[in-house]
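Participant: Numbered by this note's numbering, the letters in the sequence shown go through residues 14 to 402 in order. Think of the CB as a built atom: it goes at the ideal place given N, C-alpha and C, for glycine as much as any other residue.
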Amino acid sequence: MFKYLACCFMLVLIYPLGVDLYLVGLPDIAKDLNATAVDLHTAFSIYLAGMASTMIIAGLVSDRFGRKPIALLGALIFVCASYGAALTVSAEQFLFARFWQGIGAGFCYVVTFAILRDTLDDDKRSKVLSVINGITCIVPVIAPVLGYLLLMKFEWPSLFTGMAIFAGISCLVCIFWLDETYHNNKETHPNREISDNESLLSPLFISRLFITCLSITAILTYVNTSPIILMSQMGLSTGQYSISMTGLASFSMITSFLTPYLLSKLGQKTVLLLSQILFLSCAIIFALTQTLGLNAYLNLVGFAMIGVGFAMGFGILMSQALNPFKQNAGLASSVLAICQIAFSAGYIWIMGMLGVSAVNMLIILLLFSSIANTIVLVSVPNQRECLQE
Numbered sequence: 014m015f016k017y018l019a020c021c022f023m024l025v026l027i028y029p030l031g032v033d034l035y036l037v038g039l040p041d042i043a044k045d046l047n048a049t050a051v052d053l054h055t056a057f058s059i060y061l062a063g064m065a066s067t068m069i070i071a072g073l074v075s076d077r078f079g080r081k082p083i084a085l086l087g088a089l090i091f092v093c094a095s096y097g098a099a100l101t102v103s104a105e106q107f108l109f110a111r112f113w114q115g116i117g118a119g120f121c122y123v124v125t126f127a128i129l130r131d132t133l134d135d136d137k138r139s140k141v142l143s144v145i146n147g148i149t150c151i152v153p154v155i156a157p158v159l160g161y162l163l164l165m166k167f168e169w170p171s172l173f174t175g176m177a178i179f180a181g182i183s184c185l186v187c188i189f190w191l192d193e194t195y196h197n198n199k200e201t202h203p204n205r206e207i208s209d210n211e212s213l214l215s216p217l218f219i220s221r222l223f224i225t226c227l228s229i230t231a232i233l234t235y236v237n238t239s240p241i242i243l244m245s246q247m248g249l250s251t252g253q254y255s256i257s258m259t260g261l262a263s264f265s266m267i268t269s270f271l272t273p274y275l276l277s278k279l280g281q282k283t284v285l286l287l288s289q290i291l292f293l294s295c296a297i298i299f300a301l302t303q304t305l306g307l308n309a310y311l312n313l314v315g316f317a318m319i320g321v322g323f324a325m326g327f328g329i330l331m332s333q334a335l336n337p338f339k340q341n342a343g344l345a346s347s348v349l350a351i352c353q354i355a356f357s358a359g360y361i362w363i364m365g366m367l368g369v370s371a372v373n374m375l376i377i378l379l380l381f382s383s384i385a386n387t388i389v390l391v392s393v394p395n396q397r398e399c400l401q402e
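Structure follows, in structure tokens:
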């Protein structure tokens with residue numbers, strides 16, 4: 014089991030590494046490639062576009078031919094694209110390489126959740142996904158430091174060489190440690206019908222898809238609006254902002270590692286409801302600082318509670334969503350990921366087009382999420398809760 018978990022940890026880290034490691038080198042990239050500010054912003058969105066564009070394909074193919082080939086293919090694509098990004102001499106070539114990086118990262122991301130669905134029961138999977146979430150939270154903290162150290166001795170292409178090396182090591186680890194986890198029962202029992210619960214339209218899957226989309230949107234809206242709230246409105250310097258974000262990420266990381274203990278003591282339903290209470294509390298804090306003129310530093314408490322609420326609930330929700338899918342876990346995980354990316358991007362874009370302020374974007378989302386998610390959790394319980402009743 015250790016080998017499966019080690020492979021999953023390495024595969025899932027490829028995605029955030031592709032987001033965070035190169036950020037410290039953006040000024041040098043812009044200078045060398047004559048890239049505009051629009052190009053630099055596009056480098057992030059096109060990475061996500063690459064992920065979203067082929068996730069369904071990755072999920073379907075992994076459900077047909079197995080998890081290991083797709084994991085290896087995704088890691089290899091990421092390696093080649095990273096080396097390609099390091100060798101680019103124009104903004105267009107750089108963006109093309111970033112798109113292919115996203116494709117490779119998306120393959121690895123989808124397969125990770127499918128492997129965990131194949132190998133772990135619901136309880137263990139919820140705990141492992143919480144730990145994975147904690148490890149993912151470490152990347153935004155450590156990646157800029159690693160990037161800075163690389164740039165002290167090398168040029169910006171070393172950042173992408175570093176990504177390629179990590180993905181290459183992940184590929185080698187999967188070659189030797191990752192055994193195939195998917196066994197297609199439809200081939201051995203061709204007349205067996207897939208359970209209704211394994212449908213993408215089942216109430217359990219739709220409900221968890223809905224909640225995870227709102228949860229991901231909350232955390233991405235927080236990341237997107239935090240520079241405006243903390244620096245533009247509260248007057249924090251760049252250094253103070255970096256320190257604040259590091260501290261806030263630490264709260265999320267610690268919570269993720271403590272969540273398995275909370276699950277053992279409180280159970281999944283209680284932990285999920287607590288996460289929604291935290292979201293509601295965040296909305297109240299932001300609203301009070303806006304309307305009553307309370308100390309603006311209370312916003313930091315609100316940001317911390319968003320991270321803690323997300324860390325408590327997301328792993329459990331993903332585990333519950335994937336639990337019914339024995340044959341189609343790859344497809345289900347890809348649908349979850351694509352909808353989460355599309356919904357969060359759509360919300361942030363629409364609110365921006367409507368001219369909604371950064372704080373109000375958070376208040377609206379957190380109020381709606383906490384109330385709607387609580388109603389859905391009570392109305393559509395997890396399968397095991399139904400059995401216990």
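Tell me the residue span of the alpha helix (DSSP H) that contains S294.
Facilitator: Residues Q281 to T304.
Participant: Can you tell which of I90, A84, Q106 and T230 has the C-alpha that lies nearest to the C-alpha of L191?
Facilitator: The shortest C-alpha separation from L191 is found at A84.
Participant: I believe N395 touches I224 by the beta-carbon criterion, under 8 Å. Please report the beta-carbon distance rounded to the nearest angstrom.
Facilitator: N395 to I224, Cβ: 12 Å. No contact.
Participant: Check S103 in the structure and name its three-state DSSP category.
Facilitator: In the structure shown, S103 sits in coil (DSSP, three-state: anything other than H, G, I, E or B).
Participant: Count Cβ pairs between the stretch 117 to 130 and the stretch 62 to 74 that sit closer than 8 Å; are there 3 or more?
Facilitator: Flag = yes, the stretch 117 to 130 and the stretch 62 to 74 touch.
Participant: Please report how far the alpha carbon of N198 lies from the alpha carbon of Y60, in whole angstroms.
Facilitator: Its pLDDT being 48, under 50, N198 is placed unreliably in this model, and the value from its coordinates should be taken loosely. Looking at the two C-alpha atoms, the distance is approximately 35 Å.
Participant: I think S239 touches F323, with their Cβ atoms under 8 Å apart; what is that distance to the nearest whole Å?
Facilitator: Their Cβ separation, rounded to whole angstroms, is 14 Å, which puts S239 and F323 out of contact at 8 Å.
Participant: Could you give the first and the last residue of the continuous alpha helix (DSSP H) run that contains I384?
Facilitator: Its alpha helix (DSSP H) spans residues A371 to S392.
Participant: Label F189 either buried or exposed according to how many other C-beta atoms from any shown protein chain fall within 10 Å of its C-beta, with 16 as the threshold for buried.
Facilitator: F189 comes out exposed.
Participant: Would you tell me roughly how many angstroms separate the C-alpha atoms of Q303 and A358, rounded to the nearest one?
Facilitator: Those two C-alpha atoms are separated by around 25 Å.
Participant: CB-CB under 6 Å to A170, same chain, minus the five flanking residues each way: which ones, in chain order?
Facilitator: According to the sequence shown, residue 170 is Pro rather than Ala. The answer, listed in chain order, is A99.
Participant: By Cβ distance below 8 Å, which residues in the same chain neighbour D41 in space, the five residues on each side in sequence not counted?
Facilitator: Excluding positions up to five away in sequence, the list reads L164, E168 and W169.
Participant: For N146, tell me which candidate among L330, L380 and S370 has the shortest Cα-Cα distance.
Facilitator: Measuring from the Cα of N146, the nearest candidate turns out to be L330.
Participant: Could you please give the first and the last residue of the uninterrupted alpha helix (DSSP H) stretch that includes I27?
Facilitator: Unbroken alpha helix (DSSP H) run through I27: F15 to D33.
Participant: Run through DSSP, which three-state label would S208 get?
Facilitator: Caution is warranted here: a pLDDT of 48 is assigned to S208, below 50, making its placement in the model unreliable, and the coordinate value is therefore given only provisionally. Of the three classes helix, strand and coil, the one that applies to S208 here is coil, per DSSP.
Participant: In three-state terms, what does DSSP make of H202?
Facilitator: Residue confidence is low: H202 scores 41 on pLDDT, short of 50, so the model does not pin down where it sits. No coordinate-derived value is stated.
Participant: Using the beta-carbon count (16 or more within 10 Å), is K44 buried or exposed?
Facilitator: Its Cβ having fewer than 16 others within 10 Å, K44 is exposed.
Participant: Leaving out five residues before and five after S347 in sequence, what residues of the same chain have Cβ atoms less than 7 Å from its Cβ?
Facilitator: So the qualifying residues of the chain are M68, I69, A71, G72 and V123.
Participant: CB-CB under 7 Å to I151, same chain, minus the five flanking residues each way: which ones, in chain order?
Facilitator: M266.
Participant: When we look at the beta-carbon of E200 and count the other beta-carbons within 10 Å, is it buried (16 or more) or exposed?
Facilitator: Residue placement at E200 is flagged as unreliable, the pLDDT there being 46, under the threshold of 50; a coordinate-derived value is accordingly withheld.
Participant: Looking only at C-alpha atoms, which of I178, N373, S143 and I319 sits nearest to S294?
Facilitator: With distances taken between Cα atoms, S294 lies closest to I319.
Participant: Are the CB atoms of G328 and L142 within a distance shorter than 7 Å?
Facilitator: In this structure, G328 lies closer than 7 Å to L142 by Cβ.
Participant: If the criterion is Cβ atoms closer than 7 Å, does the pair A345 and F356 meet it?
Facilitator: Not in contact: A345 and F356 (Cβ atoms no closer than 7 Å).
Participant: Just mark I229 as buried or exposed, buried being the case when its beta carbon has 16 or more other beta carbons within 10 Å.
Facilitator: It is buried - the Cβ of I229 has at least 16 other Cβ atoms within 10 Å.
Participant: Is it the case that the Cβ atoms of S332 and D135 are separated by a distance below 7 Å?
Facilitator: Result yes, Cβ atoms of S332 and D135 sit closer than 7 Å.
Participant: Take S277 and list the residues in its own chain whose beta-carbon comes closer than 6 Å to its own, dropping the five residues that flank it on each side.
Facilitator: Cβ within range, chain order: n/a, list empty.
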